[in-house]
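A.B. asks: Numbering (my numbering), first residue to last: 41 to 389.
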């Protein structure tokens with residue numbers, strides 16, 4: 041079973057990540073991983089922290105001569121913006137921020153809201169990007185490609201660079217943020233990954249659970265998604281009809297997003313994510329002082345203008361983790377050679 045864990049805080053020493061269950065023989069391109077971190081750090085709409093952090097990493101076990109060994113792969117990503125205990129005490133979040141983990145987490149864990157926010161921060165996704173990038177390298181080795189794209193920003197579909205620039209400038213001037221949609225596509229995933237036999241064996245189960253865990257994601261749809269609700273069952277225009285072909289079967293549409301009955305059907309897997317606007321606003325919003333229960337307004341701290349573009353990078357790499365995890369669950373194999381052989385056999389189904 042492939043799984044990953046992370047540890048660390050936004051202004052702590054850094055982040056640790058462990059990816060357990062990898063087969064041996066994945067070729068590790070460290071420049072590829074660094075490029076993924078750079079894309080996350082320099083994404084459109086990022087705030088001040090992108091100018092502070094360097095986002096370098098160090099593998100800690102699980103890699104030998106640029107190939108995975110089959111042992112758990114560890115990674116260390118140090119923070120540059122590190123706070124001391126005294127600095128933390130001076131940055132309490134007593135006027136808890138709605139839309140963040142502050143209030144609920146402080147109550148649940150009987151601790152300061154700042155302590156909760158340090159762990160809940162989206163900065164933890166930096167470890168997910170590194171570990172997901174390793175999975176993406178494995179998928180590339182198997183002939184599976186992933187791409188992501190921003191398909192809407194605010195209420196604007198397929199925004200041009202100029203529209204994006206204008207919209208984010210407006211957000212900066214008003215002290216607000218904006219949400220949007222990201223579409224993920226995987227090409228080359230064979231038919232038959234996943235199962236219809238149990239709910240937790242369905243591909244949608246793993247995709248939705250992992251992708252919904254990304255900060256600011258509030259919706260996941262596969263294929264046509266919510267557009268299905270607008271169709272009539274008697275119509276055929278949303279059914280992916282099957283046609284006989286010389287080398288198998290073909291489909292002219294992919295409304296199902298590559299998954300039918302919890303299993304991949306050989307078409308591209310298409311998933312769309314809805315990112316909410318980041319709840320931090322310069323003008324502050326109504327809340328309470330968590331200790332006195334008096335009314336107050338939130339205090340603005342640095343924030344991105346949108347999570348959508350950085351979220352695209354993060355989502356692509358978590359998408360890669362899920363797909364590789366599903367492949368390994370179905371195919372097994374302790375080496376990439378064995379995985380590749382079984383995948384080739386799967387592709388002739």
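Don't be surprised by glycine CBs; every beta carbon is placed ideally from N, CA and C.
Does the ligand COA have even one heavy atom less than 7 Å from the beta-carbon of residue 290?
C.D. replies: As presented, the structure is devoid of all ligands, the ligand COA included, so that no description of it is given.
A.B. asks: Does the beta-carbon distance from residue 236 to residue 188 come in below 8 Å?
C.D. replies: No, the Cβ-Cβ distance between residue 236 and residue 188 is not below 8 Å.
A.B. asks: Excluding the 5 residues flanking residue 97 on each side, which residues of the same chain have their C-beta closer than 8 Å to its C-beta?
C.D. replies: The residues are 73, 74, 77, 115, 116, 117 and 170.
A.B. asks: Excluding the five sequence neighbours on either side, which residues of its own chain have a C-beta within less than 8 Å of the C-beta of residue 92, listed in chain order?
C.D. replies: 120 and 121, listed in sequence order.
A.B. asks: Taking 8 Å as the CB-CB cut-off, is residue 229 touching chain B?
C.D. replies: No chain B is part of this structure, which consists of one protein chain only.
A.B. asks: When the Cα atoms are used, what is the spatial distance from residue 125 to residue 132?
C.D. replies: One C-alpha to the other measures close to 11 Å.
A.B. asks: So residue 304 packs on residue 221, CB below 8 Å; how close in whole Å?
C.D. replies: 23 Å between Cβ atoms; not a contact.
A.B. asks: Using the Cβ count rule (16 or more neighbours within 10 Å means buried), how would you classify residue 71?
C.D. replies: Counting Cβ neighbours within 10 Å, residue 71 comes out exposed, since fewer than 16 surround it.
A.B. asks: Under 8 Å by Cβ, that's how I've got residue 66 and residue 108 pegged, so tell me the actual separation to the nearest angstrom.
C.D. replies: Between residue 108 and residue 66 the Cβ distance is about 4 Å, and since that is below 8 Å, they are a contact.
A.B. asks: Note down, in chain order, each residue of its chain lying with its Cβ closer than 6 Å to the Cβ of residue 50, except the 5 sequence neighbours on either side.
C.D. replies: Only 158, 161 and 163 meet the Cβ criterion.
A.B. asks: Just the C-alpha distance for residue 248 and residue 308, rounded to the nearest angstrom, thanks.
C.D. replies: Roughly 17 Å separates the two Cα atoms.
A.B. asks: Rounded to a whole number of angstroms, what is the C-alpha to C-alpha distance between residue 477 and residue 299?
C.D. replies: This structure leaves residue 477 out entirely; the chain is present only between 41 and 389.
A.B. asks: What's the gap between the Cα of residue 112 and the Cα of residue 55?
C.D. replies: Approximately 16 Å, taken between the alpha carbons.
A.B. asks: Alpha carbons only, please: which of 232, 364, 327 and 386 is nearest the one belonging to residue 143?
C.D. replies: If we check each option's Cα against that of residue 143, 327 comes out closest.
A.B. asks: Quick check on the DSSP output: the alpha helix (DSSP H) that includes residue 385 runs from which residue to which?
C.D. replies: 376-386 is the extent of the alpha helix (DSSP H) around residue 385.
A.B. asks: Where does residue 330 sit, in a helix, a strand or coil, going by DSSP?
C.D. replies: Reduced to three states, the DSSP call for residue 330 is coil.
A.B. asks: Determine, using beta-carbon pairs with one atom in the region 197-208 and one in the region 321-337, whether at least three such pairs fall under 8 Å.
C.D. replies: Output reads no: the region 321-337 does not touch the region 197-208.
A.B. asks: Would you kindly work out how many angstroms separate the C-alpha atoms of residue 254 and residue 297, rounded to a whole number?
C.D. replies: Roughly 21 Å between the two C-alpha positions.
A.B. asks: DSSP three-state label for residue 161, please.
C.D. replies: It is coil, neither helix nor strand.
A.B. asks: What first and last residue would you give for the beta strand (DSSP E) that runs through residue 295?
C.D. replies: Residue 295 -> no beta strand (DSSP E), and no H or E assigned at all.
A.B. asks: Write down the C-beta distance between residue 223 and residue 310 rounded to the nearest angstrom, noting that I regard them as a contact closer than 8 Å.
C.D. replies: Indeed, because the Cβ distance is near 7 Å, the residues count as touching under 8 Å.
A.B. asks: Express the C-alpha separation of residue 332 and residue 270 in angstroms, rounding to a whole number.
C.D. replies: For residue 270 and residue 332, the distance between alpha carbons rounds to 48 Å.
A.B. asks: Which one or two residues does DSSP pair with residue 225 in a beta bridge?
C.D. replies: 187 and 310, per the DSSP bridge assignment.
A.B. asks: For the beta strand (DSSP E) that residue 337 lies in, which residues bound it at each end?
C.D. replies: It spans 335-337 - the beta strand (DSSP E) in which residue 337 sits, taken as one unbroken run.
A.B. asks: Between the C-alpha atoms of residue 146 and residue 338, what's the straight-line distance to the nearest angstrom?
C.D. replies: Computed Cα separation, rounded: 16 Å.
A.B. asks: If the criterion is Cβ atoms closer than 8 Å, does the pair residue 357 and residue 172 meet it?
C.D. replies: It is a contact, given that the beta carbons lie within the stated cut-off.
A.B. asks: If residue 129 sits next to residue 219, beta carbons under 8 Å apart, how far is it from one beta carbon to the other, in whole angstroms?
C.D. replies: Actually they do not touch by this definition, with Cβ atoms about 33 Å apart.
A.B. asks: Go through the region 107-151 residue by residue and report every complete run of the alpha helix (DSSP H) that reaches 4 residues or more, in order.
C.D. replies: Counting only runs of 4 or more, we get 125-129 and 142-149.
A.B. asks: Taking C-alpha atoms, which residue in 280, 190, 294 and 320 lies nearest to residue 393?
C.D. replies: Absent from the structure is residue 393, since the part of the chain shown begins at 41 and ends at 389.
A.B. asks: Pull up the distance between the alpha-carbon of residue 195 and that of residue 243, whole angstroms please.
C.D. replies: Answer to the nearest angstrom: the Cα atoms are 30 Å apart.
A.B. asks: Please report how far the alpha carbon of residue 186 lies from the alpha carbon of residue 83, in whole angstroms.
C.D. replies: Going by the C-alpha atoms only, they are around 18 Å apart.
A.B. asks: Using the three-state DSSP reduction, which class does residue 345 fall into: helix, strand or coil?
C.D. replies: In the structure shown, residue 345 sits in coil (DSSP, three-state: anything other than H, G, I, E or B).
A.B. asks: If residue 364 and residue 135 are in contact, beta carbons under 8 Å, what's the gap, nearest whole angstrom?
C.D. replies: Between residue 135 and residue 364 the Cβ distance is about 42 Å, and since that is not below 8 Å, they are no contact.
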